[in-house]
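Residue 4 in our numbering sits at position 4 of the sequence shown; the count goes up by one each step and never skips. No residue lacks a Cβ here, since even glycine has one placed at the ideal position from N, Cα and C. Structure record follows, encoded as structure tokens.
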Amino acid sequence: MDAEKTLHIERHEGDEMIRGTLMDGQVRIMMCETTQMTQRAADIHHATPVCTAAMGRLMTATSMLGVMMKGENESVTVNIKGGGPMGTVVAVANHGDLKVCADDARVELPLREDGKLNVGAAIGKDGYMTVIKDLGLREPYIGQIELVSGELGIDFANYFTVSEQQPSLVALGVRVAGDAVLKAGGLLIQPLPGCPDEVIDQIELRSPMFSDISREMTFAPKEELLEDWFRGMDLQILERAPLRYHCACSRYRMEKALISLGRRELQTLIDEDTGAELGCHFCHSQFAFSTEDLKDLLARASRD
Ligand SMILES: [Zn+2]
């Protein structure tokens, strides 16, 4: 038995965010499990393993940004455009509700030399990561940085450090076997201003323990991992919250999208008399509108 006091964090299976501190609040940490939502994304988009890994990593990091938002209707969108064969990859978080889409989620690439999925090549690194925070105000907050690697962990660490002036360590990982997502998750570590160098050194010394995070997560529950990684560093758990894949699209929202096309566009659709079918990029729901439906929408557009 370990002489040190054990924390006995309650075990919980499934996707969730665990937020806490180290060293009497000098360091903020956040661990996210995203296995189920990554599986859901893989199923919805019929994704190949490398694209599943890319989408899972992006959703994991976006969930970290999402749960930091305070207001009820606030959301964050992360848009990755790296010039790779996946095209643009977009994840949206409304607090713990995540969704993702990519121009092409069927990309297949050879494994890297170290046997890992080549997420960096699928996404590419010649481009930008754009973070759009909708705070319910007139103008959203937009932060943009150049991609460094396309592997996303380093890119998000760079985003936090450069755009939010918050030095951060980010580990992201997705473990895939065929069509099955075995584990997906991530860890964010943020030393707050004034954090002593010894503490930062201690974290860097331990970073190899969580660098391959999805592999670690297949061997032990996340609670045990946290206790193990941060033993002796005064780990305090402040909050746990569920995460899930969820798209809030609806016929009503699609109607609003059609109305926003404007009267001329709507009239053209009505004249063509073939109706309109709108699909959601995030959940692949289809919404069909007949010419009669479109006439109703035109009447509504004219009233506004
Ligand atoms: Zn949808």
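Asked                                                                                                                                                                              : Found
Have a look at ILE142, PRO140, TYR141, ALA171 and flag the residue whose alpha-carbon is nearest the alpha-carbon of ILE154.                                                       : ALA171
In whole angstroms, what is the alpha-carbon distance linking ILE203 and ALA157?                                                                                                   : 15 Å
For LEU161, I'd like the list of residues in its chain whose CB is within less than 8 Å of its CB, leaving aside the five on either flank, ordered along the chain.                : The identity of residue 161 in the sequence shown is Thr, whereas the question assumes Leu. Here the set comprises PRO167, SER168.
If you compare alpha carbons, which of HIS12, VAL50, MET23 is closest to VAL180?                                                                                                   : Looking at the sequence shown, residue 180 is not Val but Ala. Among HIS12, VAL50, MET23, the Cα nearest to that of ALA180 is on VAL50.
For the segment 161–216, which segments carrying the alpha helix (DSSP H) assignment without a break, of at least 4 residues, lie completely within its bounds, in sequence order? : 197–210
Any heavy atom of ligand 1 closer than 8 Å to the Cβ of SER285?                                                                                                                    : yes
Check PRO49 in the structure and name its three-state DSSP category.                                                                                                               : helix
Identify the continuous beta strand (DSSP E) that holds SER75 and give its terminal residues.                                                                                      : 75–81
Nearer than 8 Å: is that true of the beta carbon of LYS99 relative to any heavy atom of ligand 2?                                                                                  : Because ligand 2 does not appear in the structure shown, any question about it cannot be addressed here, the ligands present being ligand 1.
Taking the alpha-carbon positions, what's the PHE230 to ALA220 distance?                                                                                                           : 15 Å
Report the residue from SER302, LYS222, GLY262, ASP273 whose alpha carbon sits nearest the alpha carbon of GLU13.                                                                  : LYS222
Would the segment 67–75 and the segment 107–115 be scored as touching if the rule is three or more Cβ pairs under 8 Å?                                                             : no
Is the Cβ-Cβ distance between ILE80 and LEU226 less than 9 Å?                                                                                                                      : no
Across which residues does DSSP place GLY143 in a beta bridge pair?                                                                                                                : VAL131
Between the Cα of GLU164 and the Cα atoms of GLU139, VAL174, GLN190, which residue gives the shortest distance?                                                                    : GLN190
Would you mind giving the Cβ-Cβ distance between VAL100 and ALA122, rounded to the nearest angstrom? I have them listed as a contact below 8 Å.                                    : With 8 Å as the limit, VAL100 and ALA122 do not qualify as a contact, their Cβ atoms being about 14 Å apart.
Count the other CB atoms within 10 Å of the CB of LEU137; is the residue buried (16 or more) or exposed (fewer)?                                                                   : exposed
Would you report the Cα separation of PHE282 and MET86, rounded to the nearest angstrom?                                                                                           : 15 Å
Go through its chain and collect everything with a Cβ distance to ALA91's Cβ below 6 Å, but skip five positions before and after it.                                               : LEU58, MET59, THR62, VAL78, VAL100
Would you call the CB atoms of LEU278 and GLU16 closer than 9 Å?                                                                                                                   : no
At a cut-off of 8 Å, is CYS195 close to ligand 1 when judged by its beta-carbon and the heavy atoms of the ligand?                                                                 : no
The alpha helix (DSSP H) that contains LYS256, what's its start and end?                                                                                                           : 251–259
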